[in-house]
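Novice: First the structure, then my questions, so here it is.
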Amino acid sequence: MSTAQEEEQHLRECESYIQTHRIQRLLKDCIVQLCVSRPENPIVFLRQYFQKLERISMT
1424 MSTAQEEEQH LRECESYIQT HRIQRLLKDC IVQLCVSRPE NPIVFLRQYF
1474 QKLERISMT
């Protein structure tokens, strides 16, 4: 397989992963919450946001 073909295959696999795990939706929701909340420390907010999602997904 040529380098261009390998890159194309990798891109397709990446797109599939993103669709399968609904990454775009997760990030969009996160950014909306970040903009609504406008926390002093966005890094802490993001950490807490994803920790909450993790807890919810484990139940």
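For the sequence shown, position 37 (counting from the first letter as 1) is numbered 1460 according to the working numbering, and the numbering increases by one without interruption. The C-beta atom is built at its ideal place from N, Cα and C for all residues, glycine as well.
Can you tell which of Leu1457, Glu1477, Leu1450 has the C-alpha that lies nearest to the C-alpha of Phe1468?
Specialist: As a position in the sequence shown, residue 1468 is number 45, starting the count at 1. The shortest C-alpha separation from Phe1468 is found at Leu1457.
Novice: Using DSSP with H/G/I as helix, E/B as strand and the rest coil, what is Arg1448?
Specialist: Residue mapping note: residue 1448 aligns to position 25 of the sequence shown, counting from 1. Helix.
Novice: How is Pro1465 classed by DSSP in three states: helix, strand or coil?
Specialist: On the sequence shown, residue 1465 is found 42 positions in, with the first residue counted as 1. Note: Pro1465 maps to helix in three-state DSSP.
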